[in-house]
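Working notes, beginning with the structure itself.
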Amino acid sequence: MSLFFQNQPKGARPQRVDDLLGNELMARIGRLDLVSRKIFSGKLQGERRSKRRGQSVEFADFRPYVHGDDLRFIDWNIFGRLDRLFLKIFLEEEDLSLVIAIDTSASMDWGDPNKLVFAQRLAMALGYIGLVNHNRVTLASFGEEGGLRKLANLRGRRRTSEMGRWLLDLKPGGRGTFEESMKSLALARQGRGVMLVISDFLLKEGYEKGLRYVAGRGYDLWCVQTLAPQEIDPTAHGLAGDWRLTDVEDRDEAEVTASPGLVEQYRANLGAWCAQLRDFAVRRSIMHMVVDTSTDIDVLLLEYLRRRGLLR
Amino acid sequence: MSAAPLVAITWITPLTGIVTASVLVPLLVALYFLKLRRKPAAVPSTLLWKRSVEDMRANTPFQRLRPSLLLFLQLGLLGFVAFALMQPRVDLGLSLDGRTVIMIDTSASMGATDLAEGKTRLDVAKEQAKARVEQLFAGGLFSALPGETMVIAFSDAAKVVQPFTRSSGDLMRAIDRIEQTDGASRIGDALALARAFATVMDPESQGATPTEGATLELWSDGRIEDLESESVRPGESLVYHVTGRADAANAGIEGIAAERSATDPGLMQVFVTLRNDAPEPVETDLELVVEGSVRSVTPKPVRIPAAETAAKPGEGPAYRPGYERFTFPPLVQPRAGVMAVRIARADALAADNRAEIAVAAPRRLRIAVVGNVDFATANVVRAIPAEKIETLSAQEFAERAAKADQFDVIVASPGALPAVLPAGRYLCLGVPAGVEGLNPYGTKEGLAVRAQKASHPLLRAVNLDDLFVAKATAIAPASDVEAIVEGPDSPLAVVARRGPVTAVVVAFDPLDSNWPFQRGFVTFLANAVEWLGGLDQAAVQEEHRPGETLSVRVTASVREATVTAPDGTRAVIPSREGTVTYGPVTRAGTYRFTWADDRGEQLRAFAVNPAAGEGHIAALPEIEVGTERVAASGGAGTLSDLWPYALAAALLLLVVEWWAYHRRHWVRPAAGARVVRPIGAGESRVGGAPIIRA
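Residue numbers (numbering that gives the first Met the number 0), protein chains in the order written: chain D, 0 to 311; chain V, 0 to 693.
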């Protein structure tokens, strides 16, 4: 039995880029690619401009010619056979932008495994996948004093180490400015793509406004809610007896006696909190997932995120 | 009172435990309320915790005292400690491989009705004893073959009502047979009897093996005279079942006396001593009843002072009952009769509210003056009022010796008496040959009185300080001869009792002294004649107590006498050597002896009063046998201490509490927390949301 609450260890901080993303994992995820549901959803070539037109044309379907269609895409073979005009429909490959926003507020620097370290690793892995696949990768951190920090528009595998160093430089602390940060992220949006918000979403001021800024604006939004195992089941990690709990962000104190009833109530409240976020997300086509930080990053990437459709 | 419960717990020091519990338990609960020490811990957010606490508060009205295993363990621990401090004892009802002796006190104080309406203490004791027998023979889970049990009833004397037996029926019937007495309470005989019966005779070794350990179960009120001189021997265990209330109060008649007037024998005066054992004074009317009819009543209630418990330095509290004496005005009672004094007030003990005394009719004496009695003595004797006074020579007396008992008193000079004295009562002025144990060895001259037994009835109002004896016979009396006047070397006057012969012997001739010139001489002679003639018995009756043997002297021709006991039963007792003996008596009341002799129908009444001291009926919760204190057991049975078990349970709870404190983990973690499940197939959930977990 872990006695986290009696000891409160600080997990080892990653010092090097290799600590964030090992070579083995790098090799395993190198063949993955990011998928945006919004880009898959039946966009026709020619309806909007693509920066890399013709290079990765992929046949998808036919449809009858209507007036105004680009004559270059008429399938003349079919016209020859059927004497009707059909248009070849191609999947358009767009330049996909990947935005990863990491909550670095003090509440993230907690738990064993540490929630922030977990967020750094996940961001590193996803960012690496994005870079390898020539997506435009933007990293942002919010929560520290001074608002949003950004590392914008990285592209290409050689930017990996730059991205890693930026992630290593993240300093936890502060009370978080979720709403402001989301607003400025939404305003600075470029193109379409995937956006991940990695946070514990334990925000006393609420997450709804902030998420509303970034949801539904061309971003395929993912909320990754990281929770430490100690938060999910405190009694299994040594929370028993009488405690004076201090909020790491605002130093607010709560005196609790971990009786079965209280712990049950806490679990119910945590569940309700998560369910509330999930409901909010579902209504706005936001993908929401609660991740226990003791989950292995490769299991998360190779199994869960592939199954949920973020990666392929 | 019904049968004793099967498991009865007796508390020796209940107050200690109650005080401890009443102090420590609220303290412990208060500590749980305070709970000052909380361990600090940092959490990412107190948001959910505060919400949870508020939810809990909303749901539990008395939330501060949350049910905590530790609290319950500690409360249980305290409870056991308090239980142990009260020194509980339990009656397991199974002592019994050894022998049990049931001893029941039947003394007068056991007749008190303080325990239950209409039931005496003895009735209650008998019920309890029978319940105990039932319990011994009840069988059940722990029953072995019951040990042998015997029943002894005791008051002045002990009586085996049932020797050792294994038959519960015999025991029950024996207990039923036990009867109330009015005697004193003495346990010595009962213990001796119990030990005698418990000693096992081994026919092969021709000797007694050591006494088996017997359990002595005593039902009494604890007012036993001889407890201090007894002891509980090794192997024995004494269980004391207190029968009676410690606050029982009683007032009664301690003593009664009656006296005929010296001048007018037809007038009678009755004296009573009243005793009060209650802590407050008692006022009561007294009635004087003669032969069934009320003859006198006190003009106003007699006040008996309260009993006092005064502490003497170094001796502990000394108990002193309240006493009051009362004398009834003289009443005319020329005939014989039984005079009774009644207290017109009901209290717990009825036996001592009535005292009786039997008085004989004033009797005129028949006196014989035998031989050459000096003129001084002869003149005094002739002046005593008597039925007849005969002057006989030695010759004449010897001839009529066979009928000596036709004289009440024989005043004789020593030389006139035969070598073997006929039955009778003699006053000898000089040392006669016929009385054994006087051992004359010469003469002494010039003697004065060194000491006199002033309390002896013969010397009442007799002053011998100025007596000078010129010549006396020196005697060395045997130890059973009572010297009443001591000279410098040898007694000057003795009383000798030799079977039917009673002789008052003066060791000198009054004419050899200055005694005839003193007033004491006349008084002495009159006292001697009265005393020998039994006249004083007729005038001042001594009381009789239960346990005594009653006897009357009858003439040789009487073969038997009939005794009527207070309860009306009659017994015909044959006469032996001129004496009819009945007893020992057990109940108070009037015993009437009737017989017929040559003078006609004779009646002699004896009044027996309850034993003195039995009026103190407050039961003792604890008795001291020798040096050992035996506390009363409320129920019946062998007591086993419970506090060691309570203490062991407390220690066990302490261990459990220690374990619980270190575990503090009776909150179970969510089931299956570590199981990896694919999302969609059955995620582990927090509330409704799936969690991705390793």
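Ideal placement from N, C-alpha and C gives every residue a C-beta, glycine not left out.
| Check | Outcome |
| --- | --- |
| With 9 Å as the limit, tell me which residues of the stretch 23-51 of chain V have their beta carbon closer than that to any beta carbon of chain D; keep them in chain order. | 34, 36, 37, 38, 39, 40, 41, 42, 43, 44, 45, 46, 47, 48, 49, 50 and 51 |
| Let's test the definition: count the other Cβ atoms within 10 Å of the Cβ of residue 193 of chain V and tell me whether it reaches 16, buried, or not, exposed. | buried |
| Who are the near neighbours of residue 319 of chain V in its chain, counting only those whose CB is closer than 7 Å to its CB and skipping five residues on each side? | 306, 307 and 309 |
| What whole-angstrom Cβ distance do residue 467 of chain V and residue 513 of chain V have, given they're in contact under 8 Å? | 5 Å |
| Secondary structure at residue 239 of chain V, three-state DSSP: helix, strand or coil? | strand |
| Residue 11 of chain V by DSSP, collapsed to three states: which one? | coil |
| Using only the alpha-carbon positions, how far apart do residue 132 of chain D and residue 143 of chain D sit? | 30 Å |
| So, at 6 Å on beta carbons, what are the nonlocal neighbours of residue 104 of chain V in its own chain, with the 5 sequence-adjacent residues on each side left out? | 184 and 219 |
| So, using beta-carbon positions, are residue 163 of chain V and residue 147 of chain V closer together than 7 Å? | yes |
| Less than 7 Å between the beta carbons of residue 410 of chain V and residue 426 of chain V, yes or no? | yes |
| Does any residue of chain D bring its CB to less than 7 Å from the CB of residue 54 of chain V? | yes |
| For the putative contact between residue 191 of chain D and residue 217 of chain D, defined by C-beta atoms under 8 Å, what is the C-beta separation to the nearest angstrom? | 4 Å |
| Where residue 40 of chain D and residue 67 of chain V are concerned, what is the direct C-alpha to C-alpha distance, given to the nearest angstrom? | Only weak support is given to the placement of residue 40 of chain D: the predicted model assigns it a pLDDT of 37, under 50, and the question is left unresolved by the model. |
| Distance, Cα to Cα, residue 206 of chain D vs residue 177 of chain D? | 7 Å |
| Looking at chain V, is there any beta carbon in it that lies within less than 7 Å of the beta carbon of residue 106 of chain D? | yes |
| What are the residues in the stretch 195-218 of chain D lying within 8 Å of chain V by C-beta distance? | 199, 201 and 203 |
| Among the residues of its own chain, which have a CB less than 7 Å from the CB of residue 702 of chain V, if the five just before and after it don't count? | Residue numbering for chain V in the displayed model covers 0 to 693; residue 702 of chain V lies beyond these limits and cannot be assessed. |
| Who pairs with residue 161 of chain V in a beta bridge, going by DSSP? | V/150 |
| What residue range does the alpha helix (DSSP H) around residue 394 of chain V cover? | 393-398 |
| Measuring CA to CA, which of V/101, V/227, V/156 and V/198 is closest to residue 173 of chain V? | V/101 |
| Can you list, in chain order, the residues of the stretch 124-144 of chain D whose Cβ is nearer than 8 Å to any Cβ on chain V? | none |
| Could you name the residues that DSSP lists as bridge partners for residue 141 of chain D? | D/102 |
| Under 8 Å by Cβ, that's how I've got residue 273 of chain V and residue 240 of chain V pegged, so tell me the actual separation to the nearest angstrom. | Not a contact, Cβ separation roughly 32 Å. |
| Within the 7 Å Cβ cut-off, does residue 254 of chain D reach chain V? | yes |
| Could you check where the alpha helix (DSSP H) with residue 113 of chain D kicks off and where it finishes? | Residue 113 of chain D -> no alpha helix (DSSP H), and no H or E assigned at all. |
| Do we get a CB-CB distance below 7 Å when we pair residue 75 of chain D with the residues of chain V? | no |
| Tell me the rounded alpha-carbon separation between residue 626 of chain V and residue 339 of chain V. | 42 Å |
| Output, in chain order, the set of chain V residues within a Cβ distance shorter than 7 Å of residue 265 of chain D. | 47, 48 and 51 |
| Run through DSSP, which three-state label would residue 324 of chain V get? | strand |
| Based on DSSP bridge pairs, tell me the residues matched to residue 74 of chain D. | For residue 74 of chain D, which the question treats as bridged, DSSP gives no partner whatsoever. |
| Quick check on this structure: which residue in V/628, V/445, V/643 and V/650 has the alpha carbon closest to the alpha carbon of residue 229 of chain V? | V/628 |
| Report the rounded CA-to-CA distance for residue 493 of chain V versus residue 505 of chain V, giving the unit in angstroms. | 7 Å |
| Under 8 Å Cβ-Cβ, which residues of chain B neighbour residue 243 of chain D? | No chain B appears in this structure, whose protein chains are D and V. |
| Hey, residue 511 of chain V and residue 443 of chain V are a contact pair by Cβ (cut 8 Å); roughly how many whole angstroms apart? | So it is not a contact: roughly 11 Å between Cβ atoms. |
| Can you name the residues of chain V whose CB is closer than 9 Å to the CB of residue 24 of chain D? | Correct list: empty, because the minimum Cβ distance to chain V is about 15 Å. |
| Does DSSP classify residue 287 of chain D as helix, strand or coil? | strand |
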